[in-house]
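Residue numbers (the numbering used here): 16 to 779.
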């Protein structure tokens, strides 16, 4: 029998299993795909993908893709020919590549150092009595501006000119097109004015006979755009940190048992299916598999979000990256490498992050129309003035066409969104709300469905003692002391909650002897020669302590989501202990406020159905999805989105990371795990869902400010471009010199900044 061999995904080049779930037959050939995204892209246009694959060499090593245009795939780092963004690795890596961030940061620091003196010289000329004006001649000041601004424009702005040129070659005009045209026009015009002022008519000369120059405008624009790039790259780096944190959960090595039962440490990549592995106390489980020997309790909170360790015995499954407790386990590897649950979680987070629509750049969308119009207007202006204008025709043609390009310069356009976002994020931080990027702010206002995790989001995430109910003649004090005495020597997951509850009431545990843990039942010991025990009803029956008197109360506690343990002394039932993860004090009011805003609230948890339903009933949440694993949480989010809902997901655990990334906007509790926080678009610092109410108000105010800013930016251009072209000259004899064009451009920037600063005072 010949076994099927792995195939290659024709879209991204990844290796996929021959019997994988994503298969598609085209023209008699069966293709396998690594993800639904690749399958859908191939299915939409298989001919194009196969043609490109045949004509291009197969990519090797790491693949890179554009986060905004996933159809762009390269075998090495490059620039997206559509939007100009740097391509990112298709699959996450444990090490971060911050080359572009370091490069942009270096260019920004250099540009600031040179731009400040250029700006000071240019603005100083407008101040009467400025000693600099008296110390330096006009020609010297212009020469200094040219000298200092040239490296800013040519070196600091080099990436923007390269991307702007690429956008012109590809026909995909974007913000870099505007930046390159605006800064290039201002700098070239100023350089020409400084070198050959005799070409310019007298009407364009200032008082001392010099032609006005705009070196400071070109330098400031380049510096501001560099700042925006640095901020964007830092945000993208934080996004990658979430995936790196997930990858770091797996241990680098595993302890393998050879056939002779001798142990050896091997690299995790060397583990194969069927290998026997030893997991010692406190170690991380290396891969997915089954326990074949030993007993322990494993912390699976990275899967379920629940803080209670799960008992493991032979035959029980264990998952890679979970933490082993006090016992030693021997396991058989069942899934390794890319097949482990951790690897699938990492892949899901990566896919979800790429599949989400990036921050809406309205400026880029409008630029696809605006830039050709500006170019056409500048060209038409040059032609009309060069053929029909008064003498000197060519000088007027040059000046008016340059004025058109300068007034269309994207300074205000570039500030419109980033300025509002920077002010809003600062305002949000003061209100306990951290936004990761502009997309989260934009999308949050349109959310109609809020999906919430239970543990750590609605509840405190830490079990606490609820009650101690005695049976006569015992008292509640005696029941709790007996329980605490037993749990002091116990490794039971709920022991800490009982001990903390007893300490809070001033109860001191007594010393016990003959301690014995009975698997699946509870623990027994001796106190002052008398046997005592804590455990389930089966243990009580085994000891002759009839639990019947408290069965009704125990059933009621379980319906409320509490964990119940019976306590006995000798053969007499002493009472019952109830432990639970309590709801946060602020949660009920927050849920009510969110529901009053029209949000549909859904609980999505890995906990058991009865416990989840009890918490949901207390909070007035109607829809509950319980007992789900991380990939199932991701699927639940997708189903809500496919039903037409705009979904926000609130969670705090590693197990929530795929769902947080998949949701239209992820909301992490600040008290949760780093992976959850890095996967989310919004972080509520205090872990209080009430912060979400404030976040939505801030989102609405910010988007309103951005729309107003874009109006200011485009409004000045829409009015200024015709005036700069000279439409008022035939009737009023009015020309807009490049100097006035720069003033108008600066005024639009001032309006954008002032309007954005109003967000600091918005009422949340």
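Idealized CB from N, CA, C, for every residue including glycine.
- [ ] Mind checking which residues open and close the alpha helix (DSSP H) that includes residue 271?
- [x] Note, residue 271: premise wrong, no alpha helix (DSSP H); beta strand (DSSP E) at 268-272.
Open item on the list: Can you tell me whether residue 186 is helix, strand or coil according to DSSP?
Closed with: In the structure shown, the three-state DSSP call for residue 186 is coil.
Open item on the list: On the criterion of 16 or more Cβ atoms from any shown chain inside 10 Å, does residue 230 qualify as buried, or is it exposed?
Closed with: Label assigned to residue 230: buried.
TODO: Starting from the N-terminal side, write out each stretch of the alpha helix (DSSP H) that is 4 residues or longer and does not extend beyond the segment 426-466.
DONE: DSSP runs (the alpha helix (DSSP H)) wholly in the segment 426-466: 426-445 and 453-459.
TODO: Just tell me which of 583, 460 and 493 has its CA closest to the CA of residue 718.
DONE: The option with the nearest alpha carbon to residue 718 is 460.
Open item on the list: Check whether the segment 302-317 and the segment 329-347 touch, using three or more Cβ-Cβ pairs below 8 Å as the test.
Closed with: Because the criterion of three Cβ pairs below 8 Å is met, the segment 302-317 and the segment 329-347 touch.
TODO: Kindly indicate which residue of 152, 470 and 390 has the alpha-carbon position closest to the one of residue 671.
DONE: For residue 671, the nearest C-alpha among the options comes from 470.
Task: residue 259 versus residue 312: straight-line alpha-carbon distance, rounded - done: Going by the C-alpha atoms only, they are around 27 Å apart.
Open item on the list: By DSSP's criteria, residue 294 is part of a beta bridge. Which residues make up the other side?
Closed with: Paired residue(s): 344.
Task: Rounded separation between residue 480 and residue 491 - CA only - done: Spanning the two alpha carbons is a distance of roughly 13 Å.
Task: Cβ separation of residue 541 and residue 529, assumed to be a contact under 8 Å, to the nearest whole Å - done: About 4 Å separates the Cβ atoms of residue 541 and residue 529, confirming a contact at the 8 Å cut-off.
Open item on the list: In whole angstroms, give me the CA-to-CA distance for residue 128 and residue 159.
Closed with: If I take the Cα positions, the gap works out to 14 Å.
TODO: Would you grab the beta carbon distance between residue 473 and residue 630 for me? Rounded to a whole angstrom, and I think it's under 8 Å.
DONE: About 6 Å separates the two Cβ atoms, so the contact holds.
Open item on the list: Quick test of your reading: residue 550 and residue 536, contact by CB under 8 Å. State the CB separation rounded to the nearest angstrom.
Closed with: Right, their Cβ atoms sit about 5 Å apart.
TODO: Look up residue 585 in the DSSP assignment and say whether it is helix, strand or coil.
DONE: Note: residue 585 maps to coil in three-state DSSP.
Open item on the list: Taking the straight line between their C-alpha atoms, what separation do you get for residue 388 and residue 712?
Closed with: Distance from the CA atom of residue 388 to the CA atom of residue 712, rounded to whole angstroms, is 37 Å.
- [ ] My understanding is that residue 484 touches residue 568, with C-beta atoms under 8 Å, so please give their C-beta distance in whole angstroms.
- [x] With 8 Å as the limit, residue 484 and residue 568 qualify as a contact, their Cβ atoms being about 6 Å apart.
- [ ] Put residue 541 into one of helix, strand or coil per three-state DSSP.
- [x] Residue 541: strand per DSSP, three-state reduction.
- [ ] Output the distance between the C-alpha atoms of residue 288 and residue 310, rounded to the nearest integer angstrom.
- [x] Computed Cα separation, rounded: 22 Å.
TODO: Take every Cβ of the segment 585-595, pair it with every Cβ of the segment 439-450, and state whether three or more of those distances are shorter than 8 Å.
DONE: No contact exists between the segment 585-595 and the segment 439-450.
- [ ] Count the C-beta pairs between the segment 741-752 and the segment 633-650 that are closer than 8 Å, then say yes if the count reaches three, no if not.
- [x] These segments do not touch.
- [ ] Inspect the beta-carbon positions of residue 463 and residue 660 and report whether they are closer than 7 Å.
- [x] Contact flag set, yes.
Open item on the list: Can you tell me where the alpha helix (DSSP H) holding residue 530 begins and where it ends?
Closed with: Segment 528-533 is the beta strand (DSSP E) holding residue 530; no alpha helix (DSSP H) there.
TODO: Identify every residue that forms a DSSP beta bridge with residue 89.
DONE: Listed as beta-bridge partners of residue 89 by DSSP are 79.
Task: Contact check, residue 724 vs residue 770, beta carbons under 7 Å - done: Yes. Within cutoff.
Open item on the list: Measuring straight from C-alpha to C-alpha, what distance separates residue 342 and residue 326?
Closed with: Rounded to whole angstroms, residue 342 and residue 326 show a C-alpha spacing of 10 Å.
Open item on the list: Quick check: the Cα distance between residue 766 and residue 238, rounded to an integer number of angstroms?
Closed with: Taking the straight line from one Cα to the other gives about 19 Å.
Task: Boundaries (first-last residue) of the beta strand (DSSP E) holding residue 699 - done: For residue 699, the enclosing beta strand (DSSP E) has its first and last residue at 697-699.
Task: Segment contact, 8 Å Cβ cut-off, at least three pairs: the segment 674-683 with the segment 577-584 - done: Note that the segment 674-683 does not touch the segment 577-584; fewer than 3 beta-carbon pairs, one per stretch, sit closer than 8 Å.
- [ ] Can you tell me which of 233, 453 and 358 puts its alpha carbon nearest to the alpha carbon of residue 134?
- [x] When only C-alpha atoms are compared, the closest one is 233.
- [ ] Answer with buried or exposed for residue 720, where buried requires no fewer than 16 other C-beta atoms within 10 angstroms of its C-beta.
- [x] With 16 or more Cβ atoms within 10 Å of its Cβ, residue 720 is classed as buried.
Task: Cβ contact (3+ pairs, closer than 8 Å) linking the segment 206-216 and the segment 154-173 - done: Verdict: yes, contact present.
Task: Range of the contiguous alpha helix (DSSP H) that encloses residue 558 - done: Note, residue 558: alpha helix (DSSP H), 552-558.
Open item on the list: Using 7 Å as the threshold, is the C-beta distance between residue 674 and residue 633 below it?
Closed with: No, the Cβ-Cβ distance between residue 674 and residue 633 is not below 7 Å.
Open item on the list: What does the Cβ neighbour count give for residue 70, buried or exposed, with the cut at 16 atoms within 10 Å?
Closed with: Confidence is the limiting factor: at residue 70 the pLDDT is only 38, short of 50, which leaves the residue's position unreliable and the question unanswerable from this model.
Task: Secondary structure of residue 152, DSSP reduced to three states - done: Correct three-state label for residue 152: coil.
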